[in-house]
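Undergrad: The structure under discussion is supplied below as C-alpha cells; questions concerning it will follow.
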Amino acid sequence: MSGSPVVVSVVGAYLALCLIVGIAAKGKSSDSPTGYVAGDRNLNLLVMYFITGATIFSGFAFLGAPGWSYSKGAASFYILAFGTLGFVPFYFLGPRAARLGRAFGFVTQGELVATRFRMPAIAGCMVFVSALAFLPYLALQIKGAGYVVSAATGGWFAPWQGAAIVYAIVLTYVLSSGVLGVGWTNTLQGIFMLVLAWVLGLYIPFELYGGLRPMFERIVSERPDFLRVPGLAAEGGARWNMLDYSSAILVSSIGFSVWPHLFMKAFTAKSDGVLRRTVVLYPTFQLFIVPLLIVGFAGVLFAAPPEAADQILPHLLMNIDVPELVVGLFCAGALAASMSSGDAIVHALASITVRDGLVTALGRDVGPRAQRLLIRVLVVVFMLAAYALAFGAGATLVDLLLVAYGPVTQLAPAVVAALYVRRATGAGVLGGLTLGIAVNIAFVLQPDWRPVPIHAGLLGLAANVSALVLLSALFPKPNRPEDDAFFRAAAETPARDFPTTD
Amino acid sequence: MRRQLIPHVLFGVWFAATAIALVGPVAEWAGARIEPYVLGLPFSLAWSACWALGMFVALALYYRATDGGRA
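Right under this line is the structure:
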C-alpha cells in the first residue's frame, strides 16, 4: 500500500505547501540580522505557540516516542514528565531575557550571558556546547525524514535520497525567510502534527483491539510489568532503575528552557505577555505525546516486528488496513515533525555561530549585511555536516538525543546566574561551564566511572554549580554601573502589553 | 504574608508537588499501578498525563492571578 499514488501525492502536496508558506514569509521582516534571526521581535501568540511547540516536538516525538513505548514500555512516560516540568522556568527566564534583548539588542543567549559578565569567551564556550548538541540532533531529524519518505514511496527512494529532498526544501525556506520562514512553516506543521497524532492514537487501537482499554488489558496479561514505571532500560532488556529514570527526567527538564534554539525565541516575541501565554498554553501541545505513546503500545502485540523500534508507527500503518489518505497524511505529519525542529535548529546554530562565535567571542567587526550572508552560508554548511552524520553514524534516534541533552543542560546555571545572581562572576560561570561539560562528557563515555548511577548530565551539573559558587566567592568582583543598568533593564516591567522596538 | 505573594507561593507549591509526583518514590508508587483505568489508559500513564494537564491549569490560574506577570 505504500508507494501508492494517493500516499505519494499527499506527501508531495504537503511538501509543496511548506515550500510556498516558507517562501511567502520572505519580505515580512526587515533586512537586518535582528529581522533574520529574531523576526524584528514582533511574533504573535499563534506563531509563538507553534514555533515553540513544533520546535520542541521533533521527529523524535513522532517516531522516537512510539518507538520508546513499543520497545521500553513505561520508560517512555519520562518524555511526558520532563515536558511538563521543563518549560515552566521559561515563564520567568523568557520575559526577563526579552526585556534585556530589547534594551541591549541581544538576539541570542550567548550574547546575553557574555555581556552580563563582560567575558566574550563564555559566548565561545556556548557556541561549542550548542554545536555539540545540535549536530547530532539535526542529524536525527534528517534521518527521520529519510525513513518516512522511503516508507511512503514503498522504498522507491532510499532514506538518504528522501532526506535530501525534504531538507533541500527546508534549506530553501530557511535561506530565503529566516526565522519567519521557520515560524510560518512551524504553524502549518504544528497543526498537522497535533491533528494527526490524536487521530492515529485513537484510530489504531480501535482498529486493532476494539478500544484503548482492551488493548492495555491484553498487554498487561501478556507482559505484566511492561506498563509499570520505570519500564525497560533497553529493548527486550532488564528493567530500568528508578534512579536513572528520575535523573533522566531532571536533566531533560533543567536543560529544556536553555536549549539555545528555544531560548532565543524569547527575543522574537512581541511582548512579555505573549511569551508568558506561550508557556501557559504549552502543556496543551505537550499532551499530544499521549496518543503517540498509545500508537507504540498498539504495536507491542503485533505479530511482525519492524526493523527498528523507531519505525513502529510507519510499520503499523503499512501493515494494517487503513485508508491510503490516512497513510499519506501520517507521512506528511511525520515529515512536519522532523522539518519543524530541523529548520529551527539549523537556523539557530548558524545564527549563534556568527553572533556569539564570530562577533562576540572573537570580536570581529562584521557589518549587518555580511552577518546575514555568513549566517546563510553556515546554514548550508551545518546542514551538509548533519546530513553526513545522519547517514554515517549508527545509533538509534533517542539514544543520541540523551547524549546530546547533557552538555546543553550545563548552560542552565550560566543563564540563571546571568539573569538573577548579582554576585556570580564571569570566572565562576566559565569555570563551572567548562568543568560541567568535562564531567558530563567523561561520564557519558565511561558510565562505569560514575560515583552514583545517575545521568551523567546531572553529575556535570553538580560540578558546574559547585565551581560557579566557589569561584565567584573566592574571586569576587566589585559592582559596576553596567551591572546596575543590566539588572534595571531586566527587572523593568512595561505598564501595558505594547510592542517595543529596538 | 503579604497578599500579593499568595499566587507565587501557591504556584511554587504546585510546581514542587508536580516534580515530586513525577520523579522518585512517588512516581514509582503511582507508576506501579495499572488500575483503575482512566479513560481507557492504565493508571501509570494517566498519572503522568494528568500532571501535564494540571500544569496547564495551574499556569493559567497563575497567569490570571498575577495579571500576566505584572503583579
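Chains as they are written, first to last, in this note's numbering: chain A, 1128 to 1629; chain B, 237 to 307.
For each residue, glycine too, the CB sits at the ideal point set by N, CA and C.
#1: Which residue's Cα is closest to the Cα of residue 1141(A): 1455(A), 1350(A), 1583(A) and 1243(A)?
#2: Using the Cβ count rule (16 or more neighbours within 10 Å means buried), how would you classify residue 1624(A)?
#3: Using a C-beta to C-beta distance shorter than 8 angstroms, which residues of chain A count as neighbours of residue 278(B)?
#4: Which term fits residue 1498(A), buried or exposed, when burial requires 16 or more other beta carbons within 10 angstroms of its beta carbon?
#5: If I measure Cβ to Cβ from residue 1535(A) and keep anything under 7 angstroms in the same chain, skipping five residues before and after, which residues do I get?
#6: Determine whether the beta carbon atoms of residue 1427(A) and residue 1502(A) lie at a separation below 8 angstroms.
#7: Which residues of the region 1572-1583 of chain A have a Cβ closer than 8 angstroms to any Cβ of chain B? Give them in chain order.
#8: Rounded to a whole number of angstroms, what is the C-alpha to C-alpha distance between residue 200(B) and residue 1586(A)?
#9: Please list, in chain order, all residues of the same chain as residue 258(B) whose beta carbon is under 7 angstroms from its beta carbon, the five residues on each side excluded.
#10: With DSSP collapsed to three states, give me the class of residue 1144(A).
#11: What is the residue span of the alpha helix (DSSP H) that residue 1334(A) lies within?
#12: Which residue comes first and which comes last in the alpha helix (DSSP H) that contains residue 1407(A)?
#13: Taking all protein chains shown into account, decide if residue 1573(A) is buried (16 or more other Cβ within 10 angstroms of its Cβ) or exposed.
#14: Let me make sure I understand the geometry here. Which of 1562(A), 1601(A) and 1596(A) has the alpha-carbon closest to that of residue 1583(A)?
#15: How about residue 1190(A) and residue 1440(A): are their beta carbons less than 8 angstroms apart?
#16: Please decide whether residue 1376(A) counts as near chain B, where near means a Cβ-Cβ distance under 8 angstroms.
#17: Name the DSSP beta bridge partners of residue 1462(A), please?
#18: Cα separation between residue 1630(A) and residue 1249(A)?
#19: Residue 1252(A) to residue 1465(A), Cα distance in whole Å?
#20: Using the Cα positions of residue 295(B) and residue 247(B), report the straight-line distance between them to the nearest angstrom.
#21: To the nearest angstrom, report how far apart residue 1302(A) and residue 1151(A) are at their CA atoms.
#22: Please classify residue 1157(A) as buried or exposed, where buried requires at least 16 other C-beta atoms within 10 Å of its C-beta.
#23: Using DSSP bridges, identify the partner residues of residue 274(B).
#24: Mind checking which residues open and close the alpha helix (DSSP H) that includes residue 1199(A)?
#25: Determine, for residue 1215(A), whether the minimum Cβ-Cβ distance to residues of chain B falls below 8 angstroms.
#26: Identify whether residue 1396(A) lies in helix, strand or coil by the three-state DSSP scheme.
#27: Between residue 259(B) and chain A, is any beta-carbon pair separated by less than 8 angstroms?
#28: Helix or strand or just coil, what does DSSP make of residue 1595(A)?
#29: Decide if the region 1215-1233 of chain A is in contact with the region 1342-1361 of chain A; the criterion is three or more beta carbon pairs, one per stretch, under 8 angstroms apart.
#30: Please state the DSSP three-state secondary structure of residue 1638(A).
#31: Could you give the first and the last residue of the continuous alpha helix (DSSP H) run that contains residue 1283(A)?
#32: Go to residue 1563(A), then tell me how far its alpha helix (DSSP H) extends in each direction, as first and last residue.
#33: What distance in whole Å lies between the Cβ atoms of residue 1388(A) and residue 1331(A), which are believed to be in contact at a cut-off of 8 angstroms?
TA: To lay it out plainly:
#1: Among 1455(A), 1350(A), 1583(A) and 1243(A), the Cα nearest to that of residue 1141(A) belongs to 1455(A).
#2: Any reading at residue 1624(A) must be qualified, since the residue scores a pLDDT of 46, below 50, and its modelled position is unreliable; no value is offered.
#3: Listed along the chain, the chain A residues whose CB falls inside 8 angstroms of the CB of residue 278(B) are 1343, 1347 and 1354.
#4: So residue 1498(A) counts as buried.
#5: Only 1256, 1260, 1382, 1385 and 1386 meet the Cβ criterion.
#6: Cβ atoms of residue 1427(A) and residue 1502(A): not closer than 8 angstroms.
#7: Under the 8 angstroms Cβ criterion, the region 1572-1583 of chain A contributes no residue.
#8: What the structure shows of chain B is the stretch from 237 to 307, and residue 200(B) is not part of that stretch, so it cannot be assessed.
#9: These residues qualify, in order along the chain: 284 and 287.
#10: The three-state secondary structure of residue 1144(A), taken from DSSP, is helix.
#11: In the DSSP assignment, residue 1334(A) falls within the alpha helix (DSSP H) that extends over 1286-1336.
#12: Taken as a continuous stretch (DSSP letters only), the alpha helix (DSSP H) holding residue 1407(A) covers 1399-1413.
#13: With fewer than 16 other Cβ atoms inside 10 Å of its own Cβ, residue 1573(A) counts as exposed.
#14: Closest in alpha carbon position to residue 1583(A), among 1562(A), 1601(A) and 1596(A), is 1562(A).
#15: Contact: yes.
#16: Yes, because at least one Cβ of chain B sits closer than 8 angstroms to the Cβ of residue 1376(A).
#17: BP columns for residue 1462(A) are empty, so no partner.
#18: It is not possible to answer for residue 1630(A), since the shown part of chain A is limited to 1128 through 1629.
#19: Distance from the CA atom of residue 1252(A) to the CA atom of residue 1465(A), rounded to whole angstroms, is 27 angstroms.
#20: When rounded, the distance between both Cα atoms is 8 angstroms.
#21: Straight-line Cα distance between these residues: approximately 12 angstroms.
#22: Per the 10 Å Cβ criterion, exposed.
#23: For residue 274(B), the beta-bridge partners assigned by DSSP are 277(B).
#24: For residue 1199(A), the enclosing alpha helix (DSSP H) starts and ends at 1192-1199.
#25: Yes, because at least one Cβ of chain B sits closer than 8 angstroms to the Cβ of residue 1215(A).
#26: Residue 1396(A): strand per DSSP, three-state reduction.
#27: By this cut-off, residue 259(B) is an interface position.
#28: Helix, per DSSP.
#29: Judged by Cβ distances under 8 angstroms, the region 1215-1233 of chain A makes no contact with the region 1342-1361 of chain A, as fewer than three pairs qualify.
#30: One cannot answer for residue 1638(A) here, as it falls past the ends of chain A, which runs 1128 to 1629.
#31: Residue 1283(A) -> no alpha helix (DSSP H), and no H or E assigned at all.
#32: Looking at the DSSP string, the run of the alpha helix (DSSP H) that includes residue 1563(A) is 1553-1572.
#33: Residue 1388(A) and residue 1331(A) do not touch by the CB rule: their CB atoms are close to 32 angstroms apart, not below 8 angstroms.
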